[in-house]
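Student:
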Amino acid sequence: MVTLAEVARHAGVSSSTVSYVISGKRTISGATRQRVEQAISELGYHPNAGARALAGKRSHIIALVVPLRTDVYVPIMMEIAISVTMAARQYGYDVLLITNDEGPEGVRRVAASGLADGVILMDVELEDERIPVLRALNTHAALIGLPEDSTGLSCVDHDFFAAGASCADHLADLGHRDVAFIGYGSAVYQRHAGYAERTLAGFRDRAAARGLRILHRPCEGTYESTAGAFSRILADRPATTGFVVQNEGAIGPLMSLLRTAGRIVPEDASVVALCPEPLAEQYSPRLTAVTGPAQELGRRAVDLLMQRIDGKEPQEVTLLTPVLTVRESSGPAPLHV
Numbered sequence: 000m001v002t003l004a005e006v007a008r009h010a011g012v013s014s015s016t017v018s019y020v021i022s023g024k025r026t027i028s029g030a031t032r033q034r035v036e037q038a039i040s041e042l043g044y045h046p047n048a049g050a051r052a053l054a055g056k057r058s059h060i061i062a063l064v065v066p067l068r069t070d071v072y073v074p075i076m077m078e079i080a081i082s083v084t085m086a087a088r089q090y091g092y093d094v095l096l097i098t099n100d101e102g103p104e105g106v107r108r109v110a111a112s113g114l115a116d117g118v119i120l121m122d123v124e125l126e127d128e129r130i131p132v133l134r135a136l137n138t139h140a141a142l143i144g145l146p147e148d149s150t151g152l153s154c155v156d157h158d159f160f161a162a163g164a165s166c167a168d169h170l171a172d173l174g175h176r177d178v179a180f181i182g183y184g185s186a187v188y189q190r191h192a193g194y195a196e197r198t199l200a201g202f203r204d205r206a207a208a209r210g211l212r213i214l215h216r217p218c219e220g221t222y223e224s225t226a227g228a229f230s231r232i233l234a235d236r237p238a239t240t241g242f243v244v245q246n247e248g249a250i251g252p253l254m255s256l257l258r259t260a261g262r263i264v265p266e267d268a269s270v271v272a273l274c275p276e277p278l279a280e281q282y283s284p285r286l287t288a289v290t291g292p293a294q295e296l297g298r299r300a301v302d303l304l305m306q307r308i309d310g311k312e313p314q315e316v317t318l319l320t321p322v323l324t325v326r327e328s329s330g331p332a333p334l335h336v
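The numbering of the sequence shown is numbering that gives the first Met the number 0, which starts it at 0 and goes up by one.
1) Under three-state DSSP, which class holds Glu128?
2) Short check: CB of Gly193 to CB of Leu145, under 8 Å?
3) Out of Glu327, Val118, Pro331 and Arg299, state which residue places its alpha-carbon closest to the alpha-carbon of Ile79.
4) Nearest-angstrom Cα distance between Gly330 and Leu173?
5) With a cut-off of 8 Å on the beta carbons, I'd call Arg34 and Val6 a contact; round off their distance for me.
6) Please list the terminal residues of the continuous alpha helix (DSSP H) segment that includes Val35.
7) According to DSSP, is Asp156 part of a helix, a strand, or is it coil?
8) To the nearest whole angstrom, what separates the beta carbons of Asp177 and Thr225, a pair I think is in contact under 8 Å?
9) Which class does Arg216 belong to by DSSP, given the choice of helix, strand or coil?
10) For the alpha helix (DSSP H) holding Ser112, just list the boundary residues, first then last.
11) Among Arg216, Leu120 and Ile39, which residue has its Cα nearest to the Cα of Leu233?
12) With C-beta atoms as the reference, is Thr317 less than 8 Å away from Val155?
13) Would you give the residue range spanned by the beta strand (DSSP E) that Val270 belongs to?
14) Under 6 Å Cβ to Cβ from Phe159, same chain only, skipping five residues before and after it: list those, please.
15) What first and last residue would you give for the alpha helix (DSSP H) that runs through Ala279?
16) Classify Thr324: buried if its beta carbon has 16 or more other beta carbons within 10 angstroms, exposed otherwise.
17) What do you get for Gln245, buried or exposed, if any count of 16 or more other CB atoms within 10 angstroms of its CB means buried?
18) Can you tell me whether DSSP reads Leu304 as helix, strand or coil?
19) Under a three-way DSSP split, which group does Gly117 fall into?
20) Suppose you measure from the CA of Glu223 to the CA of Thr287; what does that come to, to the nearest Å?
21) For the pair the region 277-293 and the region 246-254, tell me if three or more CB-CB distances fall below 8 Å.
22) So if DSSP puts Thr290 in a beta bridge, which residue, or which two residues, is it bridged to?
23) If you measure between the beta carbons of Leu42 and His9, is that distance less than 8 Å?
24) Hey, is the region 202-216 in contact with the region 132-145, meaning 3+ C-beta pairs nearer than 8 Å?
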């Protein structure tokens, strides 16, 4: 069994340095940290593995890293978190919540402490800085989200590429040719959030194949930012008759702005939202929307993590198929704009 001292010798540092890298209790230079993490990976060191073996039992706790951001839709995040908690209880596990504002250090602290038998990450970015920590510490993990490189990982997510494509198909089938995509704020794309970038990529790809002329306008989700995005769309492309919204906060303002501009939905403009069913149902007219089963994400993630904890180590990516439900907010493109 590899010891902490052997990791220290392999990395050319002191045992205390290795301990600080694992615990995150002190700041260690990037080069030293990388050396230690590489040694941990190469030697296959498992922090607290000996203590766990002597105890003869697991902690029966899993850590769930939940997003703490202003640019996420909190009700969906909470629905997933509740689903994870309920699924974990069926396995006899409790859930420890940690917030992603701690970044890689928070994951390192929990993984190295031995407090949790595994970790579930939410709000996964394409180049997520937390994933190298999980790999270096050989931590049991499941991801709700899909990074750019999913090699050796267990991931479950909505098929956001297909969701974006279905929005383009629906509006193209209705005869729309000028379509705008109102997305999340610029910061979401700058941090390469997988759900935002993959939806936009799927929309763009299918729009090109269907001959749509499109505009993408980021939006913070406030009334003011939505009004700004809407004004730019009409200024740049006055003939726009189709709107796709992937920002829950922007839906209400957009519907109001369309009415103010004298554009009746769906006679003059069609709106398709990527949002939960209850949200789509609360507007008038009710929204045509692309949705996915949030609770299923939580259940699947727990199942994948438990398989890893049991030594089965499933290396797979599961994408849940989105559903487009047609309601009153979308209709044939108007003959004249």
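Ideal Cβ positions, reconstructed from N, Cα and C, are used throughout, including at glycine.
Tutor: According to the data block:
1) Numbered from its first residue, the sequence shown carries residue 128 at position 129. If DSSP states are grouped into helix, strand and coil, Glu128 belongs with coil.
2) The residue labelled residue 193 in the question sits at position 194 within the sequence shown. The residue labelled residue 145 in the question sits at position 146 within the sequence shown. A distance below 8 Å separates the beta carbons of Gly193 and Leu145.
3) The count along the sequence shown starts at 1 and reaches residue 79 at position 80. Comparing alpha-carbon positions, the option among Glu327, Val118, Pro331 and Arg299 lying closest to Ile79 turns out to be Arg299.
4) Here the question's residue 330 lines up with position 331 in the sequence shown. Here the question's residue 173 lines up with position 174 in the sequence shown. Their backbone Cα atoms lie some 6 Å apart in a straight line.
5) Looking up residue 34 in the sequence shown gives position 35. Looking up residue 6 in the sequence shown gives position 7. Between Val6 and Arg34 the Cβ distance is about 10 Å, and since that is not below 8 Å, they are no contact.
6) In the sequence shown, counting from the first residue as 1, residue 35 sits at position 36. Unbroken alpha helix (DSSP H) run through Val35: Gly29 to Leu42.
7) Numbered from 1 along the sequence shown, position 157 holds the residue referred to as residue 156. Three-state result, Asp156: strand.
8) Working through the sequence shown from its first residue, we reach residue 177 at position 178. Working through the sequence shown from its first residue, we reach residue 225 at position 226. With a beta-carbon spacing of about 19 Å, Asp177 and Thr225 fall beyond the 8 Å limit used to define contacts.
9) Along the sequence shown, one-based indexing puts residue 216 at 217. If DSSP states are grouped into helix, strand and coil, Arg216 belongs with the strands.
10) Mapped onto the sequence shown, residue 112 falls at position 113. Residues Gly102 to Ser112.
11) As a first step, residue 233 is located in the sequence shown; it is residue number 234 there, counting from the start. Nearest option by C-alpha distance: Arg216.
12) Your numbering for residue 317 matches position 318 in the sequence shown. Your numbering for residue 155 matches position 156 in the sequence shown. Yes.
13) The residue labelled residue 270 in the question sits at position 271 within the sequence shown. Start and end: Ser269 to Leu273.
14) Sequence index remark: in the sequence shown, residue 159 carries index 160 (1-based). Here Phe159 has Tyr194, Arg197 and Thr198 as same chain residues with Cβ atoms under 6 Å from its own Cβ, once five neighbours each way along the sequence are excluded.
15) Position 280 of the sequence shown, counted from the start, is the residue given in the question as residue 279. If you look at Ala279, you'll find it in the alpha helix (DSSP H) that goes Glu276 to Glu280.
16) If you number the sequence shown from 1, residue 324 lands on position 325. An exposed status is given to Thr324, since fewer than 16 other beta-carbon atoms sit within 10 Å of its beta-carbon.
17) For the purposes of this step, residue 245 is taken as the residue at position 246 of the sequence shown. Sixteen is the threshold: when 16 or more other Cβ atoms of the shown chains lie within 10 Å of the Cβ of Gln245, as they do, the residue is buried.
18) Position 305 of the sequence shown, counted from the first residue, corresponds to residue 304. Looking at Leu304 - three-state DSSP - the assignment turns out to be helix.
19) Position 118 of the sequence shown holds residue 117. Looking at Gly117 - three-state DSSP - the assignment turns out to be strand.
20) Here the question's residue 223 lines up with position 224 in the sequence shown. Here the question's residue 287 lines up with position 288 in the sequence shown. Whole-angstrom Cα-Cα distance: 24 Å.
21) The region 246-254 and the region 277-293 touch, with three or more beta-carbon pairs separated by less than 8 Å.
22) One-based indexing of the sequence shown puts residue 290 at position 291. Beta-bridge annotation (DSSP): Thr290 is paired with Val322.
23) Position 43 of the sequence shown, counted from the first residue, corresponds to residue 42. Position 10 of the sequence shown, counted from the first residue, corresponds to residue 9. The answer is yes: Cβ separation under 8 Å.
24) In short, these stretches do not touch, since the Cβ pair count stays below three.
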